[in-house]
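Chain order of the listed sequences is A and B.
Every position in the first sequence, counted from 1, becomes a number in the working numbering once 1285 is added.
Every position in the second sequence, counted from 1, becomes a number in the working numbering once 1285 is added.
Just so it is clear, CB atoms sit at the ideal spot from N, CA and C, and this is done for glycine as well.
These figures come from a predicted structure and were not determined experimentally.
Contents: one structure, followed by commentary.
2 protein chains.
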Amino acid sequence: MTAPLRIGIAGLGTVGAGVLRILQAQGDLIAARAGRPIEAVAVSARDRAKDRGVPLDAHAWEADPVALARRPDIDVFVEVMGGHEGAAKAATEAALAAGHDVVTANKAMLAHHGQALALAAEEAGRVLRFEAAVAGGIPVIKALTEGLAGNRMTRVMGVMNGTCNYILTRMEEAGLPYAEVFEEARQLGYLEADPRLDVDGIDAGHKLSLLAAIAFGTQVAFDHVELEGIGSVTIEDIRRAADMGFKIKLLGVAQMTGRGLEQRMRPCLVPATSPLGQLQGGTNMVVLEGDSVGQVVLRGAGAGAGPTASAVLSDLIDIARGNRVPTFGQPAATLARARPAKGAVPAPHYLRLRLVDKPGALAKVARVLGDSGISIDRMRQYGHEEGSAPVLIVTHKTTRAALDEALAALPETGVVEGAPVAIRIEAV
Amino acid sequence: MTAPLRIGIAGLGTVGAGVLRILQAQGDLIAARAGRPIEAVAVSARDRAKDRGVPLDAHAWEADPVALARRPDIDVFVEVMGGHEGAAKAATEAALAAGHDVVTANKAMLAHHGQALALAAEEAGRVLRFEAAVAGGIPVIKALTEGLAGNRMTRVMGVMNGTCNYILTRMEEAGLPYAEVFEEARQLGYLEADPRLDVDGIDAGHKLSLLAAIAFGTQVAFDHVELEGIGSVTIEDIRRAADMGFKIKLLGVAQMTGRGLEQRMRPCLVPATSPLGQLQGGTNMVVLEGDSVGQVVLRGAGAGAGPTASAVLSDLIDIARGNRVPTFGQPAATLARARPAKGAVPAPHYLRLRLVDKPGALAKVARVLGDSGISIDRMRQYGHEEGSAPVLIVTHKTTRAALDEALAALPETGVVEGAPVAIRIEAV
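In structure tokens:
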């Protein structure tokens, strides 16, 4: 058994305390696997007195995370403070400059500064690992960076914000509108302090941008992730989609196309019987598609002390074992600058509109769609309610541009009431 | 870019040819990720003249795999010949003795000789990796050995023989009996040359024993895997189970209990709505459960040239990157000898029997079950057909011993026709 791997943990919230708890409870098991003990030498957090359910006496205390990051008696700096600017970034940079490896759970920091930090790590001859930043306990960074490294990846997808999936599932099950379930989730403590990070898809978008960088060998480009949150998803669409055999998910999709890199995080319809469609509640799912392997699906807890700490431990054990993989799977200097694709690859779409009760109304709608080159796969008209009837249309593959053209032309028909809803159907 | 990683491939069947094809097609991508090119220096197979759809001119030819394994100009010996004795084992041993790392897809060899080979590898200071041996393209060895290394694993489960899952799925969908679907599968080329490897659960049992060794830090103990194949699964049970909300799967389960290590590979009922229950056709699924991470589910292609070659490449890229993990996640000498548990942990069971048309018949059955301490969760009696009625019972948790006691006593009631069927229901 060689010398212990000495770590300093900045941030003793759920994740940091979880890591300490595991190290204390299963130190022997981890040492047997890692080939050496992993020892938390020092810790840092805002409030020293707070009871975290785990004793801190054995660890040196640093009030300042940057001071912790610079301590000469640590090998690895574990950044689990959160926040993409300020202390987390400063401490990460300080740790790398001091010659320490870094393990972080900070998707926001990496989504904004991943390329610069990866370069800094490599210049310092250090590794920067982040399994805990994406999909909690699911070892998806490892699966993609190492397990599928022999593949040219064709697409990565995921439901990676458990809160959003909880809200959508709960809306469907309880038949409650978005605003009500949002409030419920807030009271249950499921939402970030700034809930827009969850419901606007920002947090999930951060994660998608990290997966895309690894999958396609491109520099992280969170700014180019097309973001749309779940705030506009209605209970009516959830129900109508179910009628047609679909579920609505906040789905992230990244794929490399001839027109550039597509990164989308937005509500999509997926077949109800697909693994993504069957995903209920707060669970996460990531789908990785490669030219040789086909489709690999990973499912597990996307958040929580245990799962996230499990991911941090995986990175630490890697480092203890001497496994040193570049941050995004290849040297940061070799990552290409991704050209963002304009518009998404064609896909079927779900259309919902209200048709007024006039002869030939449906024909007019069909004609507008046809004029934009959109053909109809399935259509369903429901009974009239107060002079208009809900109509659901599943189109064949179409571009969003063609669809937007049709949507713009529909009011001119005089037979459509209100604004139609259009949602992409992702083939999964 | 440092010196290439030089490999020798023994076996040019589906997998070996698949590896060559990927190296030829995406050499640059792999070199970028691995930090160095991976170069197939020499190959070996039975028939040099056979057309494998991939050019062999650039590789030296060895008629004898052992000679290939000993070549001083290779770094890694890739064993994809198959067969657990004879040439595969001799060549693997020769490669380790010659100071080469080994990558193998050979579950049978590792199930029988894993401990000895892991020891030999470590004595030689070499690694022996086998991602391709379990669940094809799903990076499950990596997920378990590295991704979840911070967890005390509590249970691992899997549907890991695609052919068996295909047969069971097809029986249900087409309403065909086992023998007929077995014959279909044979004609489609889905079965091993010796089909017992598939349908008797041997192949899947090999895989389970490897997962168990990693999960619980024990020496591979394939001999202690409780094996039961799918040959006795009837279309009637598939349908009746579906009526009660279950699917029948050839499910492997390994778990460490106070009474020792349980390893079972046998037909089980799982809830139809669970990820395992929803698994159709030839796809594989592995469920990993750890104390911190909870449940992680992995799904993908369990066989085929592309997926299996993808797994071999993952091991090769690991070696090229300098990632060197012990075969079963910790030094082989530290693996404990597993004490096999006698009997499985209690579980609910599905019982199907035929009740003769006599007053009080059901009460007599209930009494026999009650006398063995078995309580009934759900019961369903169908209409009488020719003097007897099918009865389905879902029990509460019971041991198999109690159940066997009840099954032995049932004939004495005089109200049960023929032999009852009892199948374990695994909580997933």
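* Selection from ALA1621/B, LEU1601/B, PHE1467/B, ARG1318/B that minimises the alpha carbon distance to GLY1516/B -> Looking up residue 1516/B in the second sequence gives position 231. For the set ALA1621/B, LEU1601/B, PHE1467/B, ARG1318/B, the Cα lying nearest the Cα of GLY1516/B is the one of PHE1467/B.
* Would you call GLN1309/B buried or exposed, if buried means 16 or more other Cβ atoms sit within 10 Å of its Cβ? -> Reading the second sequence from its first residue, position 24 is the one you call residue 1309/B. So GLN1309/B ends up on the exposed side.
* Where does the unbroken alpha helix (DSSP H) through PRO1350/A begin, and where does it stop? -> Working through the first sequence from its first residue, we reach residue 1350/A at position 65. In the DSSP annotation of this structure, the continuous segment of the alpha helix (DSSP H) that includes PRO1350/A starts and ends at 1350-1355.
* To do: Work out the CA separation of VAL1538/A and GLN1548/A for me, nearest whole Å.
  => Working through the first sequence from its first residue, we reach residue 1548/A at position 263. Working through the first sequence from its first residue, we reach residue 1538/A at position 253. Each residue's alpha carbon lies about 6 Å from the other.
* **8 Å contact criterion, which ALA1594/B and LEU1290/B should meet: CB distance rounded** => Counted from its first residue, the second sequence places residue 1594/B at position 309. Counted from its first residue, the second sequence places residue 1290/B at position 5. In this structure ALA1594/B is not in contact with LEU1290/B, their Cβ atoms being roughly 16 Å apart against a cut-off of 8 Å.
* Asked: Which same chain residues, not among the five before or five after GLY1566/B, have their C-beta less than 7 Å away from its C-beta?
  -> For the purposes of this step, residue 1566/B is identified with residue 281 of the second sequence, where counting begins at 1. Cβ neighbours of GLY1566/B beyond the five flanking positions: ASN1450, TYR1451, THR1454.
* **Cβ-based contacts, 7 Å cut-off: residues of the region 1369-1396 of chain A near chain B** => Listed in sequence order: no entries.
* To do: Could you name the residues of chain B that ASN1608/A contacts, counting a contact when the two beta carbons are closer than 9 Å?
  => Residue mapping note: residue 1608/A aligns to position 323 of the first sequence, counting from 1. Within chain B, the residues placing a beta-carbon under 9 Å from that of ASN1608/A are GLU1431, ASP1603, ARG1606, GLY1607, ASN1608, ARG1609, VAL1610, ordered along the chain.
* Out of curiosity, what's the CA-to-CA distance linking GLY1628/A and PHE1415/A? -> Stepping through the first sequence from its first residue, residue 1628/A is reached at position 343. Stepping through the first sequence from its first residue, residue 1415/A is reached at position 130. Their backbone Cα atoms lie some 30 Å apart in a straight line.
* Can you find at least 3 beta carbon pairs, one from the region 1456-1472 of chain A and one from the region 1552-1563 of chain A, that sit closer than 8 Å? -> Touching, no.
* Neighbourhood of ASN1436/B by C-beta, 6 Å cutoff - its chain only, sequence neighbours within 5 removed -> Working through the second sequence from its first residue, we reach residue 1436/B at position 151. Within the same chain, ASN1436/B has close Cβ partners GLY1575, ASP1576, SER1577, VAL1578.
* Asked: Is any beta-carbon of chain B found at less than 8 Å from that of LEU1598/A?
  -> The residue you call residue 1598/A lines up with position 313 of the first sequence. For LEU1598/A, the answer is yes, since a Cβ of chain B falls inside 8 Å of its Cβ.
* Asked: Can you find a C-beta in chain A that's less than 8 Å from the C-beta of ASN1569/B?
  -> Here the question's residue 1569/B lines up with position 284 in the second sequence. Not a single CB atom of chain A sits nearer than 8 Å to the CB of ASN1569/B.
* Return the Cβ separation of ILE1710/B and VAL1679/B in integer angstroms, given the expectation that the two are a contact with Cβ distance under 8 Å. => Position 425 of the second sequence, counting from 1, holds the residue named residue 1710/B. Position 394 of the second sequence, counting from 1, holds the residue named residue 1679/B. With a Cβ gap of about 7 Å, ILE1710/B and VAL1679/B count as contacting.
* Asked: For the 8 Å Cβ check, are there 3 or more pairs between the region 1584-1604 of chain A and the region 1413-1427 of chain A?
  -> Contact between the region 1584-1604 of chain A and the region 1413-1427 of chain A is present, because at least three Cβ pairs lie under 8 Å.
* To do: Could you have a look at VAL1505/B and say whether DSSP puts it in helix, strand or coil?
  => As a working note, residue 1505/B is residue 220 in the second sequence. DSSP places VAL1505/B in coil when its eight states are reduced to three.
* Look up PRO1560/A in the DSSP assignment and say whether it is helix, strand or coil. => For the purposes of this step, residue 1560/A is taken as residue 275 along the first sequence, with counting starting at 1. PRO1560/A: coil per DSSP, three-state reduction.
* Would you mind sorting ALA1621/B into buried or exposed? The rule is 16 or more other CB atoms within 10 Å of its CB. => Mapped onto the second sequence, residue 1621/B falls at position 336. Counting Cβ neighbours within 10 Å, ALA1621/B comes out exposed, since fewer than 16 surround it.
* Asked: Taking the alpha carbon of ASP1603/A as the point to measure from, which residue in PHE1501/A, LYS1427/A, ASP1642/A, PRO1625/A has its own alpha carbon closest?
  -> Working through the first sequence from its first residue, we reach residue 1603/A at position 318. Ranking PHE1501/A, LYS1427/A, ASP1642/A, PRO1625/A by Cα distance to ASP1603/A puts LYS1427/A first.
* Start and end residues, beta strand (DSSP E) containing GLU1324/A -> For the purposes of this step, residue 1324/A is taken as residue 39 along the first sequence, with counting starting at 1. Looking at the DSSP string, the run of the beta strand (DSSP E) that includes GLU1324/A is 1323-1329.
* Asked: Is it true that the CB of LEU1688/A sits closer than 8 Å to the CB of HIS1634/A?
  -> By one-based count along the first sequence, residue 1634/A stands at place 349. By one-based count along the first sequence, residue 1688/A stands at place 403. Yes.
* Which chain A residues sit within Cβ distance under 7 Å of ASN1446/B? -> Position 161 of the second sequence, counting from 1, holds the residue named residue 1446/B. Residues of chain A passing the Cβ test: none, with the nearest at roughly 18 Å.
* Could you tell me whether any Cβ in chain B is nearer than 8 Å to the Cβ of LYS1427/A? => Numbered from 1 along the first sequence, position 142 holds the residue referred to as residue 1427/A. LYS1427/A counts as touching chain B.
* Got a sec? Which residues, its chain only, sit under 8 Å from ALA1348/A by beta carbon, not counting five neighbours each side? -> On the first sequence, position 63 is the one that residue 1348/A refers to. Sequence-distant partners of ALA1348/A (beyond 5 residues in either direction) whose C-beta falls short of 8 Å from its own C-beta, in its chain, are SER1329, ARG1333.
* **C-beta contact flag for GLY1545/B and ARG1624/B at 8 Å** => Position 260 of the second sequence, counted from the start, is the residue given in the question as residue 1545/B. Position 339 of the second sequence, counted from the start, is the residue given in the question as residue 1624/B. Less than 8 Å divides the Cβ of GLY1545/B from the Cβ of ARG1624/B.
* Rounded separation between ALA1489/B and LEU1535/B - CA only -> Sequence index remark: in the second sequence, residue 1489/B carries index 204 (1-based). Sequence index remark: in the second sequence, residue 1535/B carries index 250 (1-based). So the alpha carbons of these two residues sit roughly 9 Å apart.
* To do: Look up VAL1676/A in the DSSP assignment and say whether it is helix, strand or coil.
  => The residue given as residue 1676/A occupies position 391 in the first sequence. It is a strand residue.
* With a 10 Å radius around its C-beta and 16 neighbouring C-beta atoms as the bar for buried, classify LEU1473/A as buried or exposed. => Start at 1 with the first residue of the first sequence, and residue 1473/A comes out as number 188. Its Cβ having fewer than 16 others within 10 Å, LEU1473/A is exposed.
* To do: Can you give me the start and stop residues for the beta strand (DSSP E) that TYR1451/B sits inside?
  => Numbered from its first residue, the second sequence carries residue 1451/B at position 166. From DSSP, TYR1451/B is part of no beta strand (DSSP E) but of the alpha helix (DSSP H) over 1447-1459.
* Does ARG1566/A come within less than 8 Å of chain B when only Cβ atoms are used? -> On the first sequence, position 281 is the one that residue 1566/A refers to. The identity of residue 1566/A in the sequence shown is Gly, whereas the question assumes Arg. Taking 8 Å as the threshold, the shortest C-beta distance from GLY1566/A to chain B does not fall below it.
* Members of the region 1612-1636 of chain B that neighbour chain A once the beta carbon cut-off is set at 8 Å -> Listed by position, the residues of the region 1612-1636 of chain B near chain A (Cβ gap below 8 Å) are GLY1614, GLN1615, PRO1616, THR1619.
* Asked: ILE1452/B CB to nearest chain A CB: under 8 Å?
  -> Here residue 1452/B corresponds to residue number 167 of the second sequence, with the count starting at 1. At a cut-off of 8 Å between beta carbons, ILE1452/B makes no contact with chain A.
* **C-beta contact flag for ALA1345/B and VAL1326/B at 8 Å** => For this step, residue 1345/B is matched to residue 60 along the second sequence. For this step, residue 1326/B is matched to residue 41 along the second sequence. Yes, the pair counts as a contact, with Cβ atoms nearer than the cut-off.
* Boundaries of the beta strand (DSSP E) in which GLU1364/B is found, first to last residue -> Position 79 of the second sequence, counting from 1, holds the residue named residue 1364/B. Run containing GLU1364/B: 1361-1364, per the beta strand (DSSP E) assignment.
* **Contacting residues, own chain, Cβ-Cβ under 6 Å from ASP1485/A (five flanking each side not counted)** => In the first sequence, residue 1485/A corresponds to position 200, counting from 1. Cβ neighbours of ASP1485/A beyond the five flanking positions: GLY1514.
* Asked: So which residues of chain B does ILE1315/A contact, with C-beta pairs closer than 9 Å?
  -> In the first sequence, residue 1315/A corresponds to position 30, counting from 1. Within chain B, the C-beta atoms nearer than 9 Å to that of ILE1315/A come from ALA1434, GLY1435, in chain order.
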